[in-house]
Amino acid sequence: MVSEEDFHPLINDHLNSVIKLDIEGNLISYNKAFINQFGFMEQDFKKPFLTTFFDNYSNDQKRFFDIALLGNMQTFNTVGLHRDGKPININVKFIPVKTKESTDVYVILKNIADLKEQERELLLFKDNLDKIEGLGNIGTFHYDMINDTTYSSKQHRVILGINEDEDFSPTLKQLLLFIHSDDHPRFEEKFQQAVKNTESGFHIECRIVRRDQTIRHTYVRAEVLVNEQGVPDRVIGFIKDITEQKVLSEKVRHLSYHDYLTNLPNRRMFDEKLQQLTAEFMSKDNKFAVMILDIDRFKYINDTLGHPIGDKVLVQVSARLSKFLATDDLLARLGGDEFGVLIVNLESIESMKKIASSMLDCLKEPFLINEYKLYVTASIGISVFPHDGVNSHELIRNADIALYRVEERGRNNFKVISPLGSIESFKSFSLGRDLIKALENNEMVLYYQPRVDTNTGKIMSAEALIRWEHPEWGLVSPAEFLPLAEENGLMIQIDDWVLKEVCNQMKKWKEEILWTVPISINISAAHFLKQDWLDTIEETIQEAGISPCDLEFEITESSFLNNEEIVKNTIYSLREMGINISLDDFGKGYSSLSSLAQFPFDVIKIDKSFIQNMLISKQNFFIAKSIIHLAKDLHIKVVAEGVETLEHLKVLRNEECYQIQGYLFSRPVPVKEFELLLQKKILKPDDPKMKDKQSQRKYYRINFPYPVAANMRLLAIAGQEMQLGKSSVLIEDMSIGGLRYLSTLKLPVRDDIILEFETQIMNETIQLKGHIIWKEEVNDEISEYGIEFIIDENERTNLDKLLNTFTILMKNPTTLPQYNMVVEDKFQYFRKIKY
């Protein structure tokens, strides 16, 4: 134990009793007033101080001490004991003070009967105590409210820039002139609130303007004291100069929220700003845009010229892009060559497109770095609040999806995923929104497309193809939703569902003694990295009671681009089980001959693009022919996908292709229709070119010599009005009752889907509304639709006149009437506008 000499003279000479306790409540030291007022000496405290000193020590008193140890000052009244046993009514204050090793508790004891004026100086004492314990450079002040005079310590004068010898006893009004004008209203409001509620005091960070007009950042804490009548009569407090801390804090904050290379905001600031905007705009009828920008092939610059050159490119790109943003907008470097942009005051989709286009244009001028002249392009993906998401995760995800679409289609462009852009975008958005719910609601179903012997037409196998029975969009093809599933990490879940469904369906067929063929299943790349996948396959097959040879797994080369050894070992394990392995889409993308030598494939499937173009392109024909003969020499079975015409069949028979798959023999069909095909065993070709078109015609129709290019808008779906952009379609024929059109957009046959078609015929713009009454798939990509118009008699009369005039002009053998004709092959036309 230490005596009173341990205390600073300021405390040792204090009028009130002051003692210091450790965390166990043991006495560490005390001042002279404690000896004089209570008579105790050091040797009197064999037990913890509180149990000896307080009369009837209680749990409540212990609780006050425990709370003080947590850092909160405690005040209460109780009865203490004089050394001679006489009870004394006292006011107790526990003041915690943190030390390097622990926490000490200072105890101030006041005889309530003898309270004097100085007893209201508690806060000033605590400030002096904090000063003694090393809290830093602090000035104290004492404002006499009765006489409107302020008394300042030496350090208070230093902080304000007042000469030490100067007579300085300012009024409140004079003192407040030191407060920065921008901070003055806040300070005065805090002060007045403290005067009204004297128990709370106040604290504030504010700037002061010193005598020499320099600005310092300060922290002020004060307490209002009252007289015996409870009327406020003085304010005591301290002021601390925190300028250096503030500067350091701002530097740290800047480093935390800015990119070290470009000095742009970083991902942290971008994410926080985006979250702030989503919360702010939730209650407003406003929009803002999120852009994700990637520099195209930036890795090539780093790899060939080095990172220092790449860094300079990033700095110059940042400078150029910054010029196109408004004050409220934000450009951030998210990492590597990826930038994020927030367009806050979005006027329209068109204005946003202009900004994106300007950003791409500003990069066209070469970048001059050292002795190099570098040409740089970029790709931008864009999403819009609230149409593409109402939180930061959804908005960034959809902007990333849009960016992926741009990079997939050649880069150096931008894409708005917003449903305001087109029907395709709106459909993609709604599918992405509903996908997880679809799995939960069992909205997935399997269709089957036969693979047949090229010469006999006998069904040799079939491919299981997943479809989504969407409540609004009808039957959705895998090409539309599987990319969304892959982006959302759902492929393993979907593949496992397909495997289980196929095995159970095969079991059912065998129980019904139905003739069966092996069913092929598409397997995503994610499965090859899943450790227990082989066990899952074995368990699923065993539970269904079928043979592994009833299955075939189809994989693409993207599955083993970065994991060749893992994939190779997995393939060998699958073949040991008895499952055949097929290489799908061979010849597309990354295909290389080395993959045929490295991996033990049973089947390769020629990508349909070669088959569908081999009649119009010698290159495609020779590639397809070479693949067929190469596969035969390697003793690998070969399948041609996308066979749609008798001409395709003839060429493939001549080249002795093993099997074919395509709409010529069967489109993908639901299980009941596939069972009927299995009963036939042998299928006959059915060329779609030879089919009669569906007819529900009440009126004569014009069959256009060449299809009519038109724009189609979705006006309403399920009673909900839409404000969407346009999608390109080809109109094949038209009457005053309806039209027939081709589109890559998959729509259901529903009366409550209202479409509008716009085109030009004989220099006259026509707009016609209608709904779909029938549809038919032409191939995997294109569907044909029949439309019934929703028009009034006046519109029908005007259309009748126009079509009659067009019919008369068509009889001229030398010229055709003017209209938006598409002379090129319609399949090529759709491929061109898609990419």
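Add 4 to a position in the sequence shown, counting from 1, and you land on the number used in the numbering used here. We treat Cβ as the ideally placed atom computed from N, Cα and C, and that holds for glycine.
Taking 3 residues as the shortest admissible run, the segment 232-271 contains the following complete beta strand (DSSP E) segments, listed from N- to C-terminal end: 236-245.
Of Leu600, Gln65, Val673, the smallest CA-CA separation from Leu638 is found for Leu600. For Ile240, the closest of Glu227, Leu252, Gly549 by C-alpha to C-alpha distance is Glu227. Within a 10 Å sphere around the beta-carbon of Val733 sit 16 or more other beta-carbons, which makes this residue buried.
A Cβ-Cβ distance of about 7 Å is found for the pair Ser465 and Glu556, placing them in contact under the 8 Å criterion. The residue among Gly43, Asn40, Gln41, Phe49 with its C-alpha nearest the C-alpha of Ile32 is Phe49. Boundaries of the alpha helix (DSSP H) around Gly314: 311-326.
Pairwise C-beta distances place the segment 248-259 out of contact with the segment 304-321, as fewer than three of them are shorter than 8 Å. Gln41: member of the alpha helix (DSSP H) spanning 36-42, first to last residue.
By the 16-neighbour rule on beta-carbons within 10 angstroms, Lys377 is exposed.
In the pairwise beta carbon analysis, the segment 600-616 is classified as touching the segment 628-646: at least three pairs are separated by under 8 Å. Boundaries of the alpha helix (DSSP H) around Gln178: 176-180.
Cβ atoms of Glu651 and Gly666 stay farther apart than 8 Å, at about 12 Å.
Straight-line measurement puts the Cα of Asp611 at about 8 Å from the Cα of Gly646.
The DSSP-derived three-state label of Val826 is coil. The criterion of a C-beta distance shorter than 9 Å is not satisfied by Met356 and Ala382.
Around the CB of Thr458, 16 or more other CB atoms lie within 10 Å, so the residue is classed as buried.
With respect to Ile791, Pro752 sits apart: the two C-beta atoms are not nearer than 9 Å.
The C-beta distance from Arg220 to Ile163 rounds to 7 Å, short enough to fall under 8 Å. Looking at the backbone, the Cα of Asp539 and that of Leu503 are separated by about 13 Å. Sequence-distant Cβ neighbours of Leu278 in its own chain, meaning closer than 6 Å and more than five residues away, are Ser396. Taking each of Lys51, Asp438, Asp829, Glu473 in turn and checking the Cα distance to Tyr710, the smallest one comes out for Asp829. Contact check for Leu229 against Phe274 fails: the beta carbons are separated by 9 Å or more. Where Lys654 is concerned, there is no enclosing beta strand (DSSP E), although the alpha helix (DSSP H) around it starts and stops at 650-658. A straight-line Cα-Cα distance of about 26 Å links Ile212 and Pro236.
Looking only at Thr460, Phe69, Ile142, the smallest Cα-Cα distance to Lys654 is reached by Thr460. For the options Glu543, Glu203, Gly165, Gly478, the alpha carbon positioned closest to that of Asp216 is the one of Gly165. Here the alpha carbons of Glu342 and Glu444 stand approximately 35 Å from one another. Under the Cβ criterion (8 Å, minimum of three pairs), the segment 712-732 counts as touching the segment 751-769.
Using a Cβ distance threshold of 9 Å, Pro552 and Ile559 do not count as a contacting pair.
Residue environment analysis places Gly339 among the exposed positions, since fewer than 16 neighbouring C-beta atoms fall within 10 angstroms of its C-beta. For Ser156, DSSP records a beta bridge to Phe145. The three-state secondary structure of Phe430, taken from DSSP, is helix. For Met618, there is no enclosing beta strand (DSSP E), as DSSP marks it with neither H nor E. DSSP links Glu342 through a beta bridge to Asp298, Gly339.
Straight-line spacing of the CA atoms in Pro100 and Gln65 works out to 15 Å.
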